[in-house]
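Taking it in order: structure first as structure tokens, then the write-up.
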Amino acid sequence: MTKGQGFGFGLGKMKELAEAFKKAQQVQEGAKQLQDELEQMEIAGESGGGLIKVVVTGNQEPKRVEISPEALKEGADVLSDLVTVAMKDAYNKSTATMRERMEDLTSGLELPGF
63 MTKGQGFGFG LGKMKELAEA FKKAQQVQEG AKQLQDELEQ MEIAGESGGG LIKVVVTGNQ
123 EPKRVEISPE ALKEGADVLS DLVTVAMKDA YNKSTATMRE RMEDLTSGLE LPGF
């Protein structure tokens, strides 16, 4: 190691590191706001051409299930399958929404040395 170089962090690297910390702090603040937004969102999944509707938050928390009178005529087995499909649809839409929002939040975050 050459004299006076310390740990290899020159002033330029320190500035980059300070900027990275600033960006990370902005992302952290944005993540808190995003978490609040996701909790308030209502995302619907459907099945049977709208016979069943399942609503979850952006965090996949179940909110409600809506079952049309026509779906009740299909019998317990079919109704169970329809609810399951609607739940999966709502879950997939919710996770896709969360993923997109997180990617938007973290885009442009470049940490030096990574």
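Start counting the sequence shown at 63; every next residue gets the next number (the working numbering). Beta carbons: idealized from backbone N, C-alpha and C, even for Gly.
Just the C-alpha distance for V127 and M149, rounded to the nearest angstrom, thanks.
-> Each residue's alpha carbon lies about 9 Å from the other.
Counting Cβ pairs, one atom from each stretch, are 3 or more of them under 8 Å apart for the segment 113-121 and the segment 92-104?
-> Contact holds: three or more Cβ-Cβ distances are below 8 Å.
G107 - DSSP class collapsed to helix/strand/coil = It is a strand residue.
Paired residues, beta bridge with P124 - DSSP = P124 pairs with V118.
Do the segment 109-118 and the segment 85-92 make contact, defined as three or more Cβ pairs closer than 8 Å?
-> Three or more beta-carbon pairs separated by less than 8 Å are not found between the segment 109-118 and the segment 85-92, which leaves the two stretches without contact.
Roughly how many angstroms separate the alpha carbons of K77 and T168, rounded to a whole number?
-> Taking the straight line from one Cα to the other gives about 20 Å.
When the Cα of E165 is compared with those of E132, S142, L96 and A106, which residue comes out closest?
-> It is L96 whose Cα lies nearest to the Cα of E165.
If you draw a straight line from the alpha carbon of A158 to that of V145, how long is it in whole angstroms?
-> Across the structure, A158 and V145 are spaced so that their CA atoms are roughly 20 Å apart.
How about A106 and K115: do their beta carbons lie closer than 8 Å?
-> When the beta-carbon positions are compared, A106 and K115 come within less than 8 Å of each other.
Can you tell me the Cα-Cα spacing of P131 and K85, whole angstroms?
-> Straight-line Cα distance between these residues: approximately 52 Å.
Quick one: using the 10 Å Cβ neighbour count with 16 as the cut-off for buried, is S156 buried or exposed?
-> Buried, because 16 or more other Cβ atoms sit within 10 Å of the Cβ of S156.
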